[in-house]
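All remarks here apply to the structure that follows.
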Amino acid sequence: MIAPRSLDGVTRRAACLPGIRRSEARAGDWIIVRTRNSSYRILCLGDGHYCVLGGWFDLRGLSPATTTIRGCTWGGTAIHTDLIAAPGLYLEFGNDVVTTRIRQVQLLRSPEPRCLN
């Protein structure tokens with residue numbers, strides 16, 4: 214049985230999505246996003262900004278571009294602002310670019326800084 218689309222249902226479903234959340238990404242981490250039509254390489258700069266290469270930005274000759282990420286949508290106007298990217302959803306950048314449906318996401322951690330003693 215398919216649950217009716219309601220705000221409560223969408224909210225419950227969003228909490229269980231296997232994706233990359235803002236709280237998981239830190240400065241220096243790379244996020245690889247493969248959509249139906251493109252691939253994006255996203256470097257987390259910190260303070261909510263990202264350096265983006267690939268996809269729409271390459272096609273327009275704008276790579277690398279510094280922008281924000283609004284979050285992910287299901288293809289409509291409801292946006293999950295805590296998610297950077299999740300399979301099955303659409304990534305929305307701060308410059309109004311919306312990707313095609315995300316197929317795969319990967320978080321590549323930067324090495325953690327170490328104290329030199």
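In the working numbering, the protein residues as written are 214 to 330.
Every residue, glycine too, gets a C-beta built ideally from N, C-alpha and C.
Tell me residue 306's beta-bridge partners as DSSP assigns them.
282
Return helix, strand or coil for residue 287, following the three-state DSSP convention.
Looking at residue 287 - three-state DSSP - the assignment turns out to be coil, as it is neither helix nor strand.
For the beta strand (DSSP E) holding residue 259, just list the boundary residues, first then last.
252 to 259
By the DSSP assignment, the beta strand (DSSP E) with residue 274 in it spans what residues?
Taken as a continuous stretch (DSSP letters only), residue 274 belongs to no beta strand (DSSP E), as it is neither H nor E.
Using the three-state DSSP reduction, which class does residue 238 fall into: helix, strand or coil?
coil
Using a Cβ-Cβ cut-off of 7 Å (strictly less than) and excluding sequence neighbours within five positions of residue 307, which residues of its own chain qualify?
280, 281, 282 and 283
Return helix, strand or coil for residue 324, following the three-state DSSP convention.
Secondary structure of residue 324 (DSSP, three-state): coil.
Assign residue 342 to one of three DSSP states: helix, strand, or coil.
Residue 342 lies beyond the residue range present for the chain, which begins at 214 and ends at 330; the question has no answer from this structure.
Just the C-alpha distance for residue 217 and residue 231, rounded to the nearest angstrom, thanks.
Residue confidence for residue 217 is low, a pLDDT of 48 falling below 50, so the modelled location carries little weight; the figure read from the coordinates is stated next. Going by the C-alpha atoms only, they are around 21 Å apart.
Are the Cβ atoms of residue 320 and residue 244 separated by less than 8 Å?
yes
Drop a sphere of 10 angstroms on the beta-carbon of residue 256, count the other beta-carbons inside from all chains shown, and report buried for 16 or more, exposed for fewer.
So residue 256 counts as buried.
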